[in-house]
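In the UniProt record's numbering, the protein residues as written are 1 to 143.
Comments concern the structure below.
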């Protein structure tokens, strides 16, 4: 759905994926930092999963973001977040990861830590091909 600010109309959605840090081991933990599935901790289940879902929803509400989808798997998190154009994708990821870890660790005895790595992709109403076609069609209109 197209949204608007005072000066812009937009439809920006970001697909964000990140993983928890592995336990405090040396050596293999370096590979976990890169997201290697072999070393991911599989602990985002049960109450941890429910708590994180609530925290992600709180963050999005507080930061004026739309949490369109939230999927928490045992070893990774997938979020689909809508945002106004004023927020850079890296800022959204920093908010979601930083605030969620801080809130979770303050509220509960068990700990959540995220790797520094993440994936972010854009999504909207128009595909890359449709935009390219539109731009190509506009080139002839300027003459």
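The beta carbon of each residue, even a glycine, is placed where N, CA and C say it ideally should be.
On a predicted model such as this, the values are computed, not experimentally measured, just so you know.
Secondary structure note for residue 14: its beta strand (DSSP E) is the uninterrupted segment 13 to 18. Inter-residue distance for residue 117 and residue 134 is about 34 Å (C-alpha atoms, whole angstroms). Under DSSP, residue 78 forms a beta bridge with 17, 71. For residue 101, no pairing in a beta bridge is given by DSSP.
Of the other Cβ atoms in all chains shown, fewer than 16 fall within 10 Å of the Cβ of residue 45; this residue is therefore exposed.
Beta-bridge partners of residue 114 (DSSP): 20. Annotation for residue 8: no beta strand (DSSP E) segment contains it, and DSSP assigns it neither H nor E. Judged by their CB atoms, residue 63 and residue 95 are nearer to each other than the 8 Å cut-off. In the three-state DSSP reduction, residue 119 falls in the strand class (E or B). Cβ neighbours of residue 85 within its own chain (closer than 7 Å, five residues either side excluded): 8, 10, 12.
By the C-beta density criterion, residue 82 is buried, having at least 16 other C-beta atoms within 10 angstroms.
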